[in-house]
Amino acid sequence: MVAEHSVGFEPADRLAEDRESVRRRFWRKLKRVAAHLPFAEDLLAAYYCAFDRQTPRHVQASLLGAIAYFVLPFDFVADVMPMLGFADDAAVLATAIRMVAGHITHEHREAARAVLRRGIDEADGKAEVA
């Protein structure tokens with residue numbers, strides 16, 4: 004049986020349990036692919052929500068599962084495929100965000116926009132939401 008916070012893809016579900024690994028891998032992958040992600044702001048807002056201490060655990064678990072799926076080097080549709088590569092990542096993320104939308108705050112979105120304005124290299128995971 005798949006847990007409520009699971010993305011239903013065992014490698015992502017296992018990775019989601021290791022918050023620090025997700026954090027490190029997230030910034031590495033985001034640096035490599037940000038220019039190709041039309042959903043970068045949503046992804047960053049979800050990241051900040053997932054690591055916000057005020058966010059309920061079940062919401063963190065849902066978002067971490069989606070983020071873990073994004074950071075995996077392999078998934079259902081290879082990220083290197085033009086146009087389609089991130090479609091599965093976007094679908095998993097969109098589903099997770101829809102489930103927990105009320106918990107992604109204005110502050111999370113502002114932090115995401117700030118990172119995109121400054122540049123991801125400068126942010127590198129150091130910007131935190133209270």
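Residue numbers (the working numbering): 4 to 133. Note that the Cβ used here is the ideal one computed from N, Cα and C, for glycine as well.
Contact check, residue i vs residue j, beta carbons under 8 Å
i	j	result
Leu75	Phe42	no
Phe54	Arg31	no
Ala19	Ala71	yes
Ala115	Ala48	yes
Leu33	Ile123	yes
Distance, residue j Cα to residue i Cα
i	j	result
Arg120	Glu44	11 Å
Val118	Glu13	30 Å
Phe29	Ala64	15 Å
Phe73	Cys52	16 Å
Glu110	Ala69	20 Å
Tyr50	Leu66	7 Å
Coarse secondary structure for residue i, derived from DSSP in three states
i	result
Ile100	helix
Ala130	Low per-residue confidence applies at Ala130: pLDDT is 47, beneath 50, and the placement is therefore not dependable, though the value from the model is reported in the following sentence. Coil, per DSSP.
Ile107	coil
Leu67	helix
Glu113	helix
Arg120	helix
Reference residue i, options the options, closest by Cα
i	options	result
Ala102	Arg22, Ala90, Pro59 and Gly122	Reading off the sequence shown, one finds Met at residue 102, where the question assumed Ala. Comparing Cα positions, the closest option is Pro59.
Ala104	Phe89, His61 and Ala37	His61
Any C-beta of chain C under 8 Å from that of residue i
i	result
Arg28	Included in the structure is just one protein chain, with no chain C present.
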